[in-house]
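What follows is a set of notes on a single structure, which appears directly below.
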Amino acid sequence: APYYDLLDRQSYLPLMSQKIREYFLQYIVTVNQNSQLWYKVESDLLRWQIPIGVLMDIYQYIDINKKKKLKPIHLIAHFQSFPNKILIPYTNELTIRDFYLNSLKESTYLQCGSSDLIMSLSQQDIEQLWQSIKTSNYQNYNEIYEKIYEKITSIQFHNKHETHYYPLRVLLYDHMNPINDETHDTNEIKLNDQYNEEYSYDFYMSQKPIKYQENLTLLNILKQLYPNLKLENNNYYHIIIQGIQPSLDTP
889 APYYDLLDRQ
899 SYLPLMSQKI
909 REYFLQYIVT
919 VNQNSQLWYK
929 VESDLLRWQI
939 PIGVLMDIYQ
949 YIDINKKKKL
959 KPIHLIAHFQ
969 SFPNKILIPY
979 TNELTIRDFY
989 LNSLKESTYL
999 QCGSSDLIMS
1009 LSQQDIEQLW
1019 QSIKTSNYQN
1029 YNEIYEKIYE
1039 KITSIQFHNK
1049 HETHYYPLRV
1059 LLYDHMNPIN
1069 DETHDTNEIK
1079 LNDQYNEEYS
1089 YDFYMSQKPI
1099 KYQENLTLLN
1109 ILKQLYPNLK
1119 LENNNYYHII
1129 IQGIQPSLDT
1139 P
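Structure representation (structure tokens):
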């Protein structure tokens, strides 16, 4: 029997694994209760460190490109034979929590030149932030986010002569990747470095600090990432952010 659930876009796949395991235990008697679950969409193996909403946007793009109607993602859960040569193993929830906090520190460093404001959060604030991610409690999340945002704004104001950046990551489907672009200096990470024919997951993650400037638009940012990519008046590319396709002139 299939399992249906409504998942939060900001969450991560391992955070839903306990519910999945408990549901299927009635059907699979040989499941190791301490095993690491991993997931696929068709033959595409899913990285747990990519937020669920981003994974949804990736497969929305694939459906759009295949001229299919959007529909819920059909995940296949695996209870054994974790592919640790391809996926990063996670031992427990602490692994996911540490990954999230490290990403938050990295992005804060780019925005204001230091990650001290994250490291200076109280243990109670950090716990509230993580629990809000786990439970999709936006009120509790916003309480901590406002503290962080106020500190970032204050630091940027007092250091306004220093260069500040937007932390940015773009996931690009393999056949769209302008790998032969000679002017392309973006830090490219192929998410399937140890490619296995059994898993057709093949995406690139581009990451580059985007220098703050007035009147910056989505098109300006993408041009910095991919200078030779022809985006204007081109229906071939689908830019998806948080489930929507914004205009390229979006600030």
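So the sequence shown is numbered by this note's numbering: it starts at 889 and just counts up by one.
From the three backbone atoms N, C-alpha and C, an ideal C-beta is built for every residue, glycine too.
Quantities reported herein were computed from a predicted structural model and do not represent experimental measurements.
- Here Met904 is buried: its Cβ has 16 or more other Cβ atoms, across all protein chains shown, within 10 Å.
- About 6 angstroms separates the Cβ atoms of Leu934 and Leu943, confirming a contact at the 8 angstroms cut-off.
- From the listed residues Tyr892, Tyr900, Pro960, Leu1110, the smallest Cα separation to Tyr911 is found for Tyr892.
- The stretch 967-1039 contains, as complete alpha helix (DSSP H) runs of 4+ residues, the segments 981-1000, 1004-1007, 1011-1023 (chain order).
- DSSP places Tyr911 inside the alpha helix (DSSP H), whose first and last residues are 905-912.
- Relative to Thr1138, the option among Lys1099, Pro1055, Leu1107 whose CA is nearest is Leu1107.
- In the three-state scheme derived from DSSP, where H, G and I count as helix and E and B as strand, Ser1094 is classed as strand.
- Residue pairing from DSSP places Trp926 in a beta bridge opposite His966.
- Pairing Tyr1026 with Glu1038, the inter-Cα distance amounts to about 18 angstroms.
- DSSP places Ile1128 in the coil class of the three-state scheme, outside both helix and strand.
- Per the DSSP secondary-structure output, Arg897 pairs with nothing in a beta bridge.
- Comparing alpha-carbon positions, the option among Tyr997, Arg985, Glu930 lying closest to Ile964 turns out to be Glu930.
- Counting every other CB atom within 10 Å of its CB across the protein chains shown gives Gln999 a total of 16 or more, marking it as buried.
- Boundaries of the alpha helix (DSSP H) around Gln1112: 1106-1113.
- Of the residues Leu1110, Glu1102, Asn1103, the one whose Cα lies closest to the Cα of Ser1094 is Leu1110.
- Burial check for Thr979: the Cβ neighbour count within 10 Å stays below 16, so the residue is exposed.
- Here Asp932 carries a strand assignment [DSSP, helix/strand/coil].
- With a threshold of 16 other beta carbon atoms within 10 Å, Thr1023 falls short and is exposed.
- Contact check for Ile1098 against Tyr1125 fails: the beta carbons are separated by 7 angstroms or more.
- For Trp1018, same chain residues with a beta-carbon under 8 angstroms away, outside a window of 5 residues either side, are Arg985, Tyr988, Leu989 in chain order.
- In the structure shown, Leu1059 falls within a strand segment according to DSSP collapsed to helix, strand and coil.
- Across the structure, Gln1133 and Gln1101 are spaced so that their CA atoms are roughly 23 angstroms apart.
- Cβ atoms of Leu901 and Ile940 come within 8 angstroms of each other, at about 6 angstroms.
- Look at Tyr947 here: in three-state DSSP terms it is helix.
- Burial of Tyr927 is indicated by the presence of at least 16 other C-beta atoms within 10 angstroms of its C-beta.
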